[in-house]
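Since the structure comes first, as structure tokens, the remarks are kept for the end.
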Amino acid sequence: MGHLSDSQHLTEIVGREDNMAKKKDLRVLKTHKAIYTAFFTLLQKKDYTDITIQDIADEALINRSTFYAYFHDKDDLVEQIIEQKLDSIRAVMQLSLLTNDNEVKLMHIQMVLTQLLEQIKEDKDTYVLILSIIDKHILTDKFKGIVTDAYQDILSRLRIMESDMEVPVELIIDYSLGILFMTVNWWLKNDCDYPEDQLARLIMKLVGNANLTVLGISVI
């Protein structure tokens, strides 16, 4: 057998490194999954404040040092779990509400809400646990940031009038998100027993759009 050329040798090395990287990524994913599963199992038995890193390590069948290789503490673990869920929500928010004619279709808003509710229902146990341990104001602020980033073009032109007075846009966003969170919380407590599309329509009715005017944009 002849000697490998330099290019063949390099290709072989790169291939080995790729395989090692994939195995490492798989190990990381498996470890994360074990930690998440252990954490959620413990939350069903104990209050969040009573759970220790040792509890999580024992439940996940890992060493404490392995836990600390990925997370600073249990608050960091929760933060990373929340960010994962928010990434899924951000993906849903990529659907544009504006048409080429600068129109906002209520049907599009309902579609986004329905997809959001479907996303929540798919992993409802996680959302229930998150809502049980995290200050709802923190979640509201995070979600508000996602909505503001996703629909900045619309929000910058939003005008809502009550008699002769213009209502601050931030107040409307907070009010709407408050209704959304209360409704979703009720929905989760009732085991998501209400169809997503119907709940999306209900949320839209609760928020209402009677006085909504967006400069240069039609709401249809």
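Under our numbering, residues 470 to 689 are what the sequence shown spells out, in order. For glycine and all other residues, C-beta sits at the position ideal for the given N, C-alpha and C. From a predicted model like this one, the values you see are computed outputs, not experimental measurements.
query: Indicate the three-state DSSP secondary structure (helix, strand or coil) for Met-634 in the structure shown.; result: strand
query: Compute the beta-carbon to beta-carbon distance between Thr-506 and Tyr-539, rounded to the nearest angstrom, for a pair I have assumed lies under 8 angstroms.; result: Not really, about 14 angstroms apart at Cβ, beyond 8 angstroms.
query: Runs of 4 residues minimum, wholly inside the region 536-615: which ones carry the alpha helix (DSSP H) assignment?; result: 543-561, 575-591, 593-602
query: Determine the burial state of Tyr-644: buried for a count of at least 16 other Cβ atoms within 10 Å of its Cβ, exposed for fewer.; result: exposed
query: Here's a check: name, in chain order, each residue in its chain whose Cβ is nearer than 7 angstroms to the Cβ of Met-470, leaving out the five neighbours to either side.; result: Because Met-470 sits at a pLDDT of 49, beneath the cut-off of 50, its placement in the model cannot be relied upon, and the point is left open.
query: Quick one: give me the first and last residue of the alpha helix (DSSP H) that Lys-515 is part of.; result: Here Lys-515 belongs to no alpha helix (DSSP H), and DSSP marks it neither H nor E.
query: At the level of alpha carbons, what is the spacing between Arg-559 and Asp-592?; result: 16 angstroms
query: Given a cut-off of 8 angstroms on the beta-carbon distance, is the pair Trp-656 and Leu-675 in contact?; result: no
query: Excluding sequence positions up to five away, which residues of its chain have a Cβ less than 8 angstroms from the Cβ of Gln-523?; result: Arg-533
query: Quick one: what's got a C-beta closer than 6 angstroms to Leu-671's C-beta in the same chain, skipping five residues either side?; result: none
query: By Cβ distance below 8 angstroms, which residues in the same chain neighbour Leu-600 in space, the five residues on each side in sequence not counted?; result: Leu-608, Asn-654, Leu-657
query: Buried or exposed: which applies to Ala-490, given that a residue is buried once 16 or more other Cβ atoms fall within 10 Å of its Cβ?; result: Reliability of the predicted coordinates at Ala-490 is poor, the pLDDT of 49 falling under 50, and no value is obtained from them.
query: Checking 8 angstroms against the spacing of the C-beta atoms, do Glu-587 and Glu-665 come in under that value?; result: yes
query: What span of residues does the alpha helix (DSSP H) with Leu-675 cover, start to end?; result: 665-676
query: With a CB to CB cut of under 8 angstroms and the five nearest residues on each side skipped, what residues in its chain are close to Leu-646?; result: Thr-609, Phe-612, Lys-613, Val-616
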